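Peer 1: Got a structure for you, written out below as structure tokens; questions coming shortly.
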Amino acid sequence: MKNTFSILFIALFFVACQQKIKPDDVTKLNGYWEIEKVTFEKEKDKDYSINESYDYFKINKNNKGIRKKVMPQLDGTFLVNDAYENVTVRFKDDKTYIDYSTPFTKWSEELITLKDNELVLLNAEKKEYHYKKTGPINLLGDGKKIK
319 MKNTFSILFI ALFFVACQQK IKPDDVTKLN GYWEIEKVTF EKEKDKDYSI
369 NESYDYFKIN KNNKGIRKKV MPQLDGTFLV NDAYENVTVR FKDDKTYIDY
419 STPFTKWSEE LITLKDNELV LLNAEKKEYH YKKTGPINLL GDGKKIK
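Going by my numbering, the letters in the sequence shown line up with residues 319 to 465, in that order.
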């Protein structure tokens with residue numbers, strides 16, 4: 319009986335600690351996100367120590383916007399192309415989703431965590447993508463400010 323209460327308490331603790339994402343939190347998505355790791359349901363996690371590209375989100379007040387892949391350069395600039403995904407943030411049944419669309423396909427990911435410097439997304443294959451907020455880098459040491 320003691321074990322049952324312990325397990326119940328631990329389960330309730332984890333449920334209570336789960337972040338509830340509010341509509342006001344959506345603006346935290348805006349900016350550059352660097353992937354740190356991917357966790358799999360039945361496989362070993364994959365850590366990313368170096369990334370050639372970042373995800374850039376720009377979401378407006380009506381929860382619509384874009385996501386682009388950008389490539390940081392040593393001088394603090396980014397290489398970009400014309401490719402992007404349309405993004406809509408959707409709230410349903412106490413969960414938050416990001417719906418993506420391109421001219422070729424549509425898909426959704428569940429927004430698990432959204433903090434100032436942390437983002438976790440869960441896709442349909444039960445893979446969790448863990449991101450950290452980042453920005454331009456300048457390794458040239460030329461003293462120029464990055465916009």
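Positions of the beta carbon are idealized from the N, C-alpha and C atoms, including for glycine.
Predicted, not measured: the structure shown is a model, and the values here were computed from it.
Report the partner residues of D373 according to the DSSP bridge assignment.
Peer 2: In the DSSP assignment, D373 forms a beta bridge with W351 and K387.
Peer 1: Three or more C-beta pairs closer than 8 Å, one from the region 358-373 and one from the region 399-419: is that the case here?
Peer 2: The answer is no - the region 399-419 does not touch the region 358-373, with fewer than three Cβ pairs under 8 Å.
Peer 1: What does the Cβ neighbour count give for F422, buried or exposed, with the cut at 16 atoms within 10 Å?
Peer 2: Counting Cβ neighbours within 10 Å, F422 comes out exposed, since fewer than 16 surround it.
Peer 1: Counting only the same chain and skipping the five closest in sequence on each side, list residues whose C-beta sits under 7 Å from that of M389.
Peer 2: E370, S371, F396 and L397
Peer 1: One question on the structure: do E436 and K445 come within less than 8 Å of each other, judged by their Cβ atoms?
Peer 2: no
Peer 1: Please look up how many angstroms separate the CB atoms of Y374 and K386, rounded, as I've assumed it's under 8 Å.
Peer 2: 5 Å
Peer 1: Since S426 sits in a beta bridge, which residues does DSSP pair it with?
Peer 2: D417
Peer 1: Could you tell me how far apart the beta carbons of Y415 and N404 are, in whole angstroms, since I believe they sit closer than 8 Å?
Peer 2: That belief does not hold up - the Cβ atoms of Y415 and N404 are roughly 14 Å apart, past 8 Å.
Peer 1: Under the rule that 16 or more other beta-carbon atoms within 10 Å means buried, what is L432, buried or exposed?
Peer 2: buried
Peer 1: Of all the options K362, K364, L347 and I353, which has the alpha carbon lying nearest to the alpha carbon of N381?
Peer 2: L347
Peer 1: If we count the other Cβ atoms within 10 Å of its Cβ and call it buried at 16 or more, is L439 buried or exposed?
Peer 2: buried
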